[in-house]
């Protein structure tokens, strides 16, 4: 069964002008700055049938701009490469971490100095669920 399109998720206008975080002013919407449309499904969930969403709890990935309370889009069809951010299960515990693999060395790395890397040894169970393709947060 195919889901009906949700009007709220249809492509939205993407303006070509940049929004300054400094002292610049945003151009008037009356000016014709609309350049293209942004399709959030294509941007963050290109393989919609294999994309899942997770709520993040904890601060271990703050250095990768994934704060506590964020949501991540995870594509299970993407094969993880070293340096990808992934959702994984380690001995039954789910987590979001940066994947590292060089030769026989496999680690899951945090992006916060208070959290040590997880290095894998023979017999330890690691299951990579998928690769993070998007991060959603709310301004504070």
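Numbering (my numbering), first residue to last: 26 to 165.
Backbone N, C-alpha and C define an ideal beta-carbon position, used for all residues, glycine too.
None of these values were measured; they are calculated from a predicted model.
**Study point:** the stretch 80-94 touching the stretch 62-71, judged by at least three CB pairs closer than 8 Å
**Key:** These segments do not touch.
Check your understanding: Within the 8 Å Cβ cut-off, does residue 89 reach chain D?
Key -> Looking at the structure shown, chain D is missing, and only one protein chain is on hand.
Point to revise | Three-state class that DSSP yields for residue 47 in the structure shown | key: DSSP places residue 47 in coil when its eight states are reduced to three.
Practice item. For residue 98, count neighbouring C-beta atoms within 10 Å of its own C-beta (all shown protein chains included) and say buried if the count is 16 or more, exposed if not. Key: Looking at its Cβ environment, which holds 16 or more other Cβ atoms inside 10 Å, residue 98 is buried.
Review point. What's the C-alpha gap between residue 100 and residue 47?
Key: Distance between the alpha carbons of residue 100 and residue 47: 35 Å.
**Study point:** CA nearest to the CA of residue 123, picked from 77, 95 and 91
**Key:** Ranking the options by Cα distance to residue 123, first place goes to 91.
Practice item. Enumerate in chain order the residues of its own chain whose CB-to-CB distance from residue 26 is below 8 Å, with the five nearest sequence positions on each side excluded. Key: For residue 26, the predicted model reports a pLDDT of 49, less than 50, meaning its position is unreliable and no value from the coordinates is stated.
Practice item. Using the DSSP secondary-structure output, state which residues sit across from residue 78 in a beta bridge. Key: DSSP lists 98 as partners of residue 78.
**Study point:** Classification of residue 152 by the beta-carbon crowding that lies within 10 angstroms, buried from 16 upward
**Key:** Under the 10 Å beta carbon count, residue 152 is surrounded by fewer than 16 other beta carbons and is classified as exposed.
Check your understanding: Can you round the beta-carbon distance between residue 121 and residue 131 to whole angstroms, since I take them to be within the 8 Å contact cut?
Key -> 16 Å between Cβ atoms; not a contact.
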